[in-house]
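Below is one structure, written out as structure tokens; the observations come after it.
Chains as they are written, first to last, in the numbering used here: chain W, 32 to 275; chain D, 9 to 321.
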């Protein structure tokens, strides 16, 4: 079943076509990887889907509902949660309070009496057990990313947009993170769209890949197909190398 | 919730303090009773401004203007149309809330300095209108208005403001401990992240404007009926900056800060009144220093103090 349908979406920033005429679909339960060179428009595409940046053209359907042009909070309430490339914790608030915000933001906000239980559960799920009362600005980079994920999960999403969660992680932390991403899909049944630069991770975890280059969708398919596609190799390595 | 625990631990203490304050009219002379009343007015102004600026990050310079809206609405209704203040006051509060809704909606796309400038302009426009509409407001001559209840008495004025202060602080505490309070702080910390988690940022920001404008309207209206003479000074930037200095010096973004700051600066300005209007300038400079070196103000310093002693001991 199709969960997200993006049709002919475009976004310009002045003269720059950040995303032009991109269409794709995400099936329920899928882990879809979104790759492409720097500046390809991956994060912009995320921002368009999440409503963080208004789109110029195109339509977006989620879970059978028309969500084009919705405010970001409304899109979140319809079931799309996201993380940011650079973690944006509410720095003057504790970890528990950070998660509380997501519980309040739900379509039916969680009553105060039920909040502590869910907060504790969510934080321990991402590996932040016992850090409830620590101010989020005092966390290290990895814990900030974990908190970002905890908040996104606490919105009770159907789909999760992950923007480069692996950046800056050591190889051990990376394998933990990959395990977490798999469990989120397998146990919580959350569909995942994932921007990532770490190719090995993307290839091993994703069911399907989309490749963006200069704002355009240049290739789509399973990791094997994509990694052998000449257009993709060209986009990453340049024309001369592709010929060899 | 540091503030929360601080207050629960000190609930008995604060009730005792309230009891002490309630006996002020028994032994304070007229002059100091007046000072106490002015102090209570500033507690309302600083605490409500702090809810807007310190908890949602909207540094509005129109707070004194909303106090003026409250004071002039119920004042004009009472003086010109004979409407009793008990009816005029809620109308003034409602009008302040309504104007807060309008100004808050105007500022939704603005942050930081742009919001401050827009609210500053709004405040000055309102002050100029009230100063020049001589026929209705008597301009800088001041408008004579009746007291809130019956005859003029400082004791009655004191208790009116004290009750209002207690109720307002109670409401602010309720808000801060509610989901709305958490939304306020989320919006202040990071609007984009808050929106991505389902927080309706625009509605939260405007709600804060409406609530705090109503509070300023209440404070201004009660204060006007106590003074029995309202002048455009209540809308002036002098008063606005004094409220700002009180909040910053006391501790912006904390519950207790503005209370401490308002009482402390009001008391201090009575002692240094002899040196003329320089005290506003000095407060401004001190506020600047506090904002730079001790962002949580006196309250923050006081909280850090025991910790620092532990290290040296």
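Note that beta-carbon positions come from the ideal geometry of N, C-alpha and C, so glycine has one too.
- Cβ-Cβ separation between residue 65 of chain D and residue 82 of chain D: approximately 31 Å, too far for a contact (criterion under 8 Å).
- Taking each of D/63, D/40, D/171 and D/253 in turn and checking the Cα distance to residue 297 of chain D, the smallest one comes out for D/253.
- With contacts defined by Cβ atoms closer than 8 Å, residue 186 of chain W and residue 107 of chain W form a contacting pair.
- In the three-state scheme derived from DSSP, where H, G and I count as helix and E and B as strand, residue 239 of chain D is classed as coil.
- In this structure residue 250 of chain W is buried. Its beta-carbon is surrounded by 16 or more other beta-carbon atoms within 10 angstroms.
- The shortest C-alpha to C-alpha distance from residue 304 of chain D to any of D/265, D/161, D/276 and D/277 is the one to D/265.
- Among the CB atoms of chain D, none fall inside 8 Å of the CB of residue 181 of chain W.
- By the Cβ-count criterion, residue 295 of chain D is buried, with 16 or more other Cβ atoms from all chains shown falling within 10 Å of its own Cβ.
- The alpha-carbon separation between residue 288 of chain D and residue 53 of chain D amounts to approximately 16 Å.
- Against chain D, the beta carbon of residue 107 of chain W has neighbours under 7 Å at 204, 205 and 206, listed in chain order.
- DSSP places residue 252 of chain W inside the beta strand (DSSP E), whose first and last residues are 247 to 252.
- Within chain D, 190, 191, 194, 202, 205 and 207 have C-beta atoms less than 8 Å from the C-beta of residue 132 of chain W, given in sequence order.
- With fewer than 16 other Cβ atoms from the protein chains shown falling within 10 Å of its own Cβ, residue 246 of chain D counts as exposed.
- Residue 240 of chain W has its alpha-carbon roughly 7 Å from the corresponding atom of residue 257 of chain W.
- In the DSSP annotation of this structure, residue 92 of chain W is not part of any alpha helix (DSSP H); the continuous beta strand (DSSP E) holding it starts and ends at 88 to 93.
- Closer than 8 Å to the CB of residue 58 of chain D there is not a single CB belonging to chain W.
- In terms of beta-carbon proximity, residue 137 of chain W lines the interface with chain D, with at least one pair separated by less than 8 Å.
- The Cβ of residue 140 of chain D sits no closer than 8 Å to any Cβ of chain W.
- Measuring C-alpha to C-alpha distances from residue 56 of chain W to each of W/219, W/93 and W/72 identifies W/93 as the nearest.
- Residue 278 of chain D sits in a helix when the DSSP states are folded into three classes.
- Annotated three-state conformation of residue 196 of chain D is helix, per DSSP.
- Under the three-state reduction of DSSP, residue 222 of chain W is assigned to strand.
- Secondary structure note for residue 99 of chain D: its alpha helix (DSSP H) is the uninterrupted segment 93 to 114.
- Linking residue 45 of chain D to residue 200 of chain D through their CA atoms gives a straight-line distance of about 42 Å.
- Listed along chain D are 9, 190, 193 and 194, each with a C-beta nearer than 9 Å to that of residue 128 of chain W.
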